[in-house]
Structure formats: structure tokens, C-alpha cells
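A short write-up of the structure that comes next.
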Amino acid sequence: MGKLVFAGIAPHPPIIVEAVGRGQNQESAKTIAAMQAWAKELKKSEPEVLVIITPHGNLFQDAIAVHAYAELKGSFASFGVSGTGYSFANHKELRETIVKTASQKGFQVMEVNETSRSRYRLQKDLDHGVLVPLDFLVREGVEIPLVVISMALLDYIDLYRFGTVLGEVIEKGKWKVALVASADLSHRLTRNAPAGFDPMGKEFDDKLVDLVRQGKLSELLDLDEELVERAGECGLRPIIMLAGALDSHEIDPRVLSYEGPYGVGYLVAFFEVNKTGGSRIEEWRNSKKVEAAGRRLDESIPVQLARKSLQYYLEKGKYLPIPSSLEEMLKEQKACFVSLKKNGRLRGCIGTIEPVRSMLAEEIICNSVSAGTGDPRFSPVTADELDELVFSVDVLSKPEPVDSIEALDPKVYGIIVKRGSRSGVLLPNLEGVDTVEYQLEITLSKAGISPHEDYKIYRFRVDRYY
791 MGKLVFAGIA PHPPIIVEAV GRGQNQESAK TIAAMQAWAK ELKKSEPEVL
841 VIITPHGNLF QDAIAVHAYA ELKGSFASFG VSGTGYSFAN HKELRETIVK
891 TASQKGFQVM EVNETSRSRY RLQKDLDHGV LVPLDFLVRE GVEIPLVVIS
941 MALLDYIDLY RFGTVLGEVI EKGKWKVALV ASADLSHRLT RNAPAGFDPM
991 GKEFDDKLVD LVRQGKLSEL LDLDEELVER AGECGLRPII MLAGALDSHE
1041 IDPRVLSYEG PYGVGYLVAF FEVNKTGGSR IEEWRNSKKV EAAGRRLDES
1091 IPVQLARKSL QYYLEKGKYL PIPSSLEEML KEQKACFVSL KKNGRLRGCI
1141 GTIEPVRSML AEEIICNSVS AGTGDPRFSP VTADELDELV FSVDVLSKPE
1191 PVDSIEALDP KVYGIIVKRG SRSGVLLPNL EGVDTVEYQL EITLSKAGIS
1241 PHEDYKIYRF RVDRYY
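Our numbering applies: residue 791 is where the sequence shown begins, and numbers increase by one.
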């Protein structure tokens, strides 16, 4: 039987590779030393196959890409390094078993070969997310067959589930396997960071490193969406996939280093993998069900109506009739937004900035259906998801024009920006939106309006119901 003998997290800045850095990488000396120790630990586990998950491979919204070429090649030529580069054997049997099993479990898997490469313009060569960790392993004398997997833009829970499939395949296989998540953390740690500065970048890194250090990997699924977005990271998804593979294992975390040179967070860590046990994701799911059940008991009248409206539409294919008995507030003519979240992440949000229907109840009924089935950013909600959804209803005051940003406050007022037919709206009191400047920046971007154009600003208040 197979066995997962090593699981690790490795950063992938090319500058830490000796041939790329050429002695100009002293700022990352801590990371380099940690990666050398990390490579020794992996070698000590005596794996027969290395499975590596990269964020910089062929990326799909709804499919996980797996390299299928018999020979896997790559180089640092784009970083000024000449020479033949690297070449590794692709472990055909393990790769095919992963693809087959994941497909049977309902995942879309894209095998990267000549046919798919031509059709989708995919890259054949290994990316630096794979090559940087491999360089340290090669220098340590580890040269074993690979399976290379690219992350997808699936929901975190689906990536975690794919990881559990990966873990099952490894345990049922014939080979000792090392599994690596290639992952850089926030790219926004300093003023000169490659993606600009955001103070929440450090907050994200601190939270993630702390969860890794404690081995609380299923809690990565609960990281706030706004925090993740503002961190500008490229490592959370590979780490979540790794976490899924470790779901039923007892683990002993080892954080070798964390630092943020060049404005980017680099974490070097591995897990001593012990015997298998119960599934942590099942515990997480059960806790979510208990939370959801308690929350539904405390839902406000507007939210109860929003939930009932979407459920009615999904069951009957038509809008809920306006109830004959209504609270007085629902009879008023007001605009509203209905927002849906699932596992802490936005699942849909649609609304009106001015009332377009006879009463608030009708606005809620229609906007709830639109948020669940008509938000173009998301696939339609299914009936099976309803119990997992968190609804909120924002009831808007009438927008009023403002002459100066001094009249704005992102915690108190939402804003609307308009120029001709273009407009954008942002609700107030959103986590992470702490300044008027940032509020304006987001809203202008949503409207497709340049900050240098002339535009009008309107503010409004919101009564938020949960």
C-alpha cells in the first residue's frame, strides 16, 4: 500500500535559486536556509514520487489541470539563466489514477497534452512555482518522478475535497509520496511590494501562518473573503488542496521560517504525517450546519422573506406571491440589496439603488431571486445550498448628491458614482473598506470610470438586516 510520507509548503520566488539570485538575494537568506533544511527533510522521508501543486500553471475556473507529458521540462531562461534546464519523468500510473478517480468524484480535470495545449493554448513547460522548490530538491540529490497539478478557481471547499481525493489515491497506491504546495503569501506587505501596499496583507499572512503552525488547516476555509482579496496572495488555494490531502491524517506541523523580503510573504513549512484518523472536514461541515440552524432561528423579518422567496422560486420556478400579512416596514416603498454568502464567501448580490416596485416586500422578493439565480459572477444557487447560505438585506435611504468627499464616511454611508450611462455602487460598512479614498477607488472601478474623469457622487444610508 502507498503512503503519504511528506507534506510541505514551499515558496517560489526565483531569486532564491542560486543561478537566478547570483549572490544578490541576501534579503531572503532566511528563506534560502529554511528551504535547504526543508529539502533535507523531504529527502529523509525517502519518497518514490513527488506530487506538486502550483498556482502558476495552466489555470481554469472550473477544472484542475494535470501535466500529462511523459517528460516534464522547464528552465529559468526567462529569468536570465542559460543552460539546459531541468527534466523529470512524469509518473504515468499515479497521474492517471488521480485523473480517473477525481473525474469519477465529479471533478473536471484537464490533462495537459498536445491536443489540449493546441486547443486551449496551454503552456507545456514547468512554471517557476514548480521549478523553484525542485531546484532545492535537485541540489539535495532528490530526483524522482513527478505529478504536477495546477490549482483551479473553484470554491475553497471544492479544492479541499479534491485534496481529500488526492489523499485517498495516495494511500491506496503503491508508492511512498511526497506532496508539496507551492505557495507565496501576500504580495502587498510593503510600500514597494510588487502588487502595491495593503495593511491587510500582513494580517492575512499572520493568520495563515498561525493556522499552519497550529495544524488547524480546515480553518483556512473560514478566512474572510475581503482579507484574502486584499492580501494579493497566490498560495491559499494550493495550501487548501494540501490541507484536503491531510484531512484524515494526524499531523505535526513544523514551520521552518516566515519572512517578507521584497514585500512578499514566504512561508517554509512541512508536516510530519502520522496515522490516519477521523475526517476534520466532516467536523467542520457539522459545525457549519449547527451554526446555520441557529442563525435561521434568529433571522430578521426581511431576511426570512428573502430566504422564503428564493426557496419558493427554486422549488416552483416562479416568484413568491406577496404575503397578505406584512410588517409595516415592508409596505414602504424603498430600495434594497439582497446578499448571499456561503462559507464566508459572497455567493450572489443584487439590488436597486432606488425603488422600482410598489413596496419593499416586492423588492426583497425579486432581488433575492436575482441574487440567487441572476448574478453573472456566479453559477445559479441550487436547492441543496439553501441551508448553507447566509442572507442579508440592506434597505437603502434615498441617495443624495454630495459636493465633497468630506461628506463621506465608508462606515456610515454607501456611495454611488455616475458619469453618463456608467454608474457604480458600494454598500457601507464593508470589512476592509476603511477609508473614503479606498471606497471611491472600488466604486469607480466597478463603474469603469477613471478617477481623472468628471463624475457625480451620491451617498446613502443603509439599514442592514441579518
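Glycine included, each C-beta is placed from N, C-alpha and C at the ideal position.
Report task. Might you give, ordered along the chain, the residues of its own chain that have their beta carbon closer than 8 Å to the beta carbon of residue 815, omitting 5 neighbours on each side? Result -> Closer than 8 Å at the Cβ level, and outside the excluded window around residue 815, lie 805, 806, 822.
Query - Beta-carbon contacts of residue 825 that lie in its chain and below 7 Å, excluding the five residues immediately before and after - result: Apart from the 5 residues on each side of it in sequence, residue 825 sits with its Cβ closer than 7 Å to the Cβ of 800, 806, 926, 1058 in its chain, given in chain order.
Query - Whole-Å CB distance - residue 797 paired with residue 1002, under 8 Å assumed - result: Between residue 797 and residue 1002 a beta carbon distance of about 11 Å is seen, past the 8 Å cut, so the two are scored as non-contacting.
Query - Contact between the stretch 1116 to 1124 and the stretch 1137 to 1150 (3+ Cβ pairs under 8 Å) - result: These segments touch.
Report task. Using the Cα positions of residue 881 and residue 951, report the straight-line distance between them to the nearest angstrom. Result -> If you take the alpha carbons of residue 881 and residue 951, they lie about 23 Å apart.
**Report entry** Whole-angstrom distance between residue 1157 and residue 1166, CA atom to CA atom
**Finding:** Their backbone Cα atoms lie some 14 Å apart in a straight line.
Requested in this report: Could you please give the first and the last residue of the uninterrupted alpha helix (DSSP H) stretch that includes residue 923?
Outcome: Per DSSP, residue 923 belongs to the alpha helix (DSSP H) from 918 to 929.
Requested in this report: Thinking residue 978 and residue 988 are a contact (beta carbons under 8 Å), I'd like their distance in whole angstroms, please.
Outcome: So it is a contact: roughly 4 Å between Cβ atoms.
Query raised in the report: Quick one: any contact between the stretch 871 to 879 and the stretch 949 to 968, if contact means 3 or more CB pairs under 8 Å?
Result: Touching, no.
Requested in this report: Quick one: residues in its chain with C-beta nearer than 6 Å to the C-beta of residue 973, no 5 flanking neighbours on either side, listed in chain order?
Outcome: For residue 973, the CB contacts under 6 Å within the same chain, skipping 5 residues up- and downstream, are 799, 1025, 1028, 1029 in chain order.
Query raised in the report: What are the start and end residues of the alpha helix (DSSP H) that includes residue 1222?
Result: Residue 1222 -> no alpha helix (DSSP H), and no H or E assigned at all.
Query raised in the report: Looking at the structure shown, is residue 1187 part of a helix, part of a strand, or coil, going by DSSP?
Result: It is coil, neither helix nor strand.
Report task. Using only alpha-carbon positions, find the residue among 839, 920, 1190 that is nearest to residue 875. Result -> When only C-alpha atoms are compared, the closest one is 920.
**Report entry** Local conformation of residue 862 per DSSP, three classes
**Finding:** Residue 862: strand per DSSP, three-state reduction.
Requested in this report: Within the stretch 1030 to 1088, note down every full beta strand (DSSP E) run reaching 3 residues or more, in order along the chain.
Outcome: Listed in chain order, the complete beta strand (DSSP E) runs (minimum 3 residues) inside the stretch 1030 to 1088 are 1039 to 1049, 1056 to 1066.
Requested in this report: Since I believe residue 938 is in contact with residue 916 (beta carbons under 8 Å), could you give me their beta-carbon distance rounded to a whole number of angstroms?
Outcome: Contact holds; Cβ gap of about 7 Å.
Query raised in the report: Since residue 1137 contacts residue 1179 with CB under 8 Å, what's their CB separation in whole angstroms?
Result: With a beta-carbon spacing of about 6 Å, residue 1137 and residue 1179 fall inside the 8 Å limit used to define contacts.
**Report entry** residue 880, DSSP secondary structure in three states
**Finding:** Here DSSP, grouped into helix, strand and coil, assigns residue 880 to strand.
Query - Helix, strand or coil at residue 951 [DSSP, three-state] - result: Reduced to three states, the DSSP call for residue 951 is helix.
Query raised in the report: Unbroken beta strand (DSSP E) runs of length 3 or more, entirely within the stretch 1102 to 1154: which are they?
Result: You should have 1125 to 1132, 1135 to 1141.
Query raised in the report: Can you name the residues that DSSP bridges to residue 900?
Result: Its beta-bridge partners are 855.
Query - 6 Å CB neighbourhood of residue 878 in its chain, flanking five on each side removed - result: Counting only Cβ-Cβ distances below 6 Å, and skipping sequence neighbours, we find 862, 936.
Requested in this report: Return the bridge partner residues of residue 798 from the DSSP annotation.
Outcome: According to DSSP, which records beta bridges pairwise, residue 798 is partnered with 970, 1060.
Query raised in the report: What are the boundary residues of the beta strand (DSSP E) that residue 844 is part of?
Result: From DSSP, the beta strand (DSSP E) with residue 844 extends over 839 to 844.
Query raised in the report: When the distance is taken between beta carbons, is residue 832 closer than 8 Å to residue 934?
Result: Their beta carbons are not under 8 Å apart, which means residue 934 does not touch residue 832 by this criterion.
Report task. List the residues that DSSP assigns as beta-bridge partners of residue 936. Result -> Here residue 936 is bridged, per DSSP, to 840, 880.
Query raised in the report: Just the Cα atoms here: how many angstroms apart are residue 1085 and residue 842?
Result: Going by the C-alpha atoms only, they are around 39 Å apart.
Query raised in the report: With which residues is residue 1099 paired in a DSSP beta bridge?
Result: For residue 1099, which the question treats as bridged, DSSP gives no partner whatsoever.
Query - One or two residues paired with residue 1179 in a DSSP bridge - result: Per DSSP, 1132.
Query raised in the report: Touching or not, the stretch 901 to 917 and the stretch 994 to 1012, by the rule of three or more beta carbon pairs under 8 Å?
Result: Per the Cβ contact rule, the stretch 901 to 917 is not in contact with the stretch 994 to 1012 (fewer than 3 Cβ pairs under 8 Å).
**Report entry** Chain-order list of residues whose beta-carbon lies under 6 Å from that of residue 845 (same chain, five-residue window excluded)
**Finding:** For residue 845, same chain residues with a beta-carbon under 6 Å away, outside a window of 5 residues either side, are 919, 941, 1024, 1028 in chain order.
Query raised in the report: Tell me the DSSP bridge mates of residue 1204?
Result: Beta bridge pairing from DSSP links residue 1204 with 1250.
Query raised in the report: How long is the line joining the alpha carbons of residue 1054 and residue 923, rounded to whole angstroms?
Result: Straight through space, the alpha carbons of residue 923 and residue 1054 are spaced by roughly 17 Å.
Query raised in the report: DSSP three-state call for residue 1255: helix, strand or coil?
Result: Residue state, collapsed to three classes: strand.
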